[in-house]
Every structure is written in C-alpha cells, then in structure tokens.
Amino acid sequence: MRHYTLIGIVIIIIVAVLGGYWLFARTPVPAFDLPAASQATSSAPVGPRTPPAGYKEYRDATYHLSLFYPEELSARTYDEVDGAATIDFQSVEKGEGFQIFIVPYSGTTVSAQRFKQDEPSGVRNNPTYGLVDGASASSFYSTDASLGDTYEVWFIHGSYLYEVTTLKPLDAWLHNIMQTWLFI
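For the sequence shown, position 117 matches number 111 in our numbering, and the numbering has no gaps at all.
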C-alpha cells in the first residue's frame, strides 16, 4: 500500500512539473519590433488628391491620413473611447470591405500587451514587414471570432497606432489600397 502511495505522489509531482512548464515556459506573444524606417510625413499635397477612375479619396485631418478606396464602398467613422476611432469601408453587395482602427499610442513598438488587447486571438501568422508611406509596418494573417480568418496591417506613425483589417481572401485587394496611403 505504501508503494502505491509513493508512486501516486511521484506521478502528481511529474504532472505538476510538466503542467507548470507548459503554463510558464510557453513563448509569449512577442512585441512587434518593427524595422527602423523613416517616420517622416510624406510630401503629400495639402489639398485633395485626384483619385484614379473607380476610386474615391478618404481624408482625415485628425488622424493625418489620405487613401483611395473603391467607390462602391461606403465609409463611416465611429468614435471609440480614449480618443480612438474605427473607420469602416464596406460594400455589403460585393462582400468587400476593410476597417481601420486608430488609437493614440506613445510607444515605438507594439507591445505584447497591446497586441493581446487588440487581437484577443493572439494569432499572428506569416508576418512580413514593409512600409506604409515611410512608416514601418507589419502585415500578418490572424483570426477574429466574428470575422473568421483575417489579413491585417499594423503600423505606428506620429502618436497613433493604426490597425487595418480585412478578410483573408482580400489580402491582395487591401495591399493595393494600402499603396495609396499618405500621411497628411
């Protein structure tokens, strides 16, 4: 009987050690260490730009951005808490759209805490790095409880963190739109 008690204690200790290792030794979600790049504002014209055929310009002086988007999309801005905003570009008929979430941000990298706060799934697959009008950006695939698989582009410029999201199959479509982004 004493032999079985000792074996039981050893098994409990092994399970506790393995459980503790699994719980505490897992790799946490890393901060975005965006590659160094110019954070300078582009030399965008002060006035409105002329969009290509089939596109409209979206301008926002508060968040210092201008971009061209397909004219069949409607654009709506929603004020969020603490100076944040969501800009929604949608065409229900075509099943296309994207959104930009903008939040005041004082950091130079996206902290693991901020990522987890804004991306509860914690998923950041196939990250790539590039530039959005001179600002270092990270694009990646993720998942959202209500949207499913997503494609996202995150970057910091001035005192804001910009998080642009669309559905995963629309990644190339969004990439083309992001190439028209200018900080104004």
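The C-beta atom is built at its ideal place from N, Cα and C for all residues, glycine as well.
Item to complete: Identify the continuous alpha helix (DSSP H) that holds His169 and give its terminal residues.
Response: 165 to 172
Fill in: Range covered by the alpha helix (DSSP H) that runs through Lys110
106 to 112
Discussion item. Among the candidates Trp148, Thr144, Ile171, whose CA atom is the shortest distance from the CA of Leu161?
Written reply: Thr144
Fill in: Rounded separation between Ser153 and Leu67 - CA only
28 Å
Practice prompt. Pick helix, strand or coil for Gly77, following the three-state DSSP scheme.
Written response: helix
Item to complete: Classify Ser115 as buried or exposed, calling it buried when 16 or more other Cβ atoms lie within 10 Å of its own Cβ.
Response: exposed
Worksheet item: Less than 7 Å separating the beta-carbons of Gly77 and Gln84?
Response: no
Worksheet entry | Residue from Phe149, Ile171, Gln93 whose Cα sits closest to the Cα of Gly101 | Phe149
Practice prompt. Please report the residue range of the beta strand (DSSP E) in which Glu146 lies.
Written response: 142 to 151
Worksheet item: Within this structure, are the beta carbons of Glu146 and Phe95 separated by less than 7 Å?
Response: no
Practice prompt. Return the residue from the list Thr122, Asp112, Asp127 that minimises the CA-CA distance to Asp138.
Written response: Asp112
Worksheet item: What is the DSSP secondary structure of Lys162, counted as helix, strand or coil?
Response: helix
Worksheet item: For Leu0, does the three-state DSSP call read helix, strand or coil?
Response: With a pLDDT of 45 at Leu0, under the threshold of 50, the modelled position of this residue cannot be trusted; read the value that follows with caution. Residue state, collapsed to three classes: helix.
Worksheet entry | Residue from Met172, Ala106, Val117 whose Cα sits closest to the Cα of Val126 | Met172
Worksheet item: My guess is that Trp109 and Pro121 are in contact by the Cβ rule of under 8 Å, so how many angstroms apart are they, rounded?
Response: Correcting the residue type first, residue 109 is Phe in the shown sequence and not Trp. Wrong, their Cβ atoms sit about 11 Å apart, outside the cutoff.
Item to complete: Can you give me the Cβ contacts of His53 inside the same chain, cut-off strictly under 8 Å, excluding the 5 residues immediately before and after it?
Response: Rather than His, the amino acid found at residue 53 in this sequence is Arg. The answer, listed in chain order, is Pro42, Leu59, Ser60, Ile178.
Worksheet item: Between Val104 and Leu155, which are expected to be in contact by the criterion C-beta below 8 Å, what is the C-beta distance as a whole number of angstroms?
Response: 7 Å
Worksheet entry | Cβ neighbours of Trp175 in the same chain (closer than 7 Å, five flanking residues each side left out) | Leu59, Leu61, Val126, Asp127
Worksheet item: Rounded to the nearest angstrom, how far is the Cβ of Ala79 from that of Tyr57, given a contact under 8 Å?
Response: 7 Å
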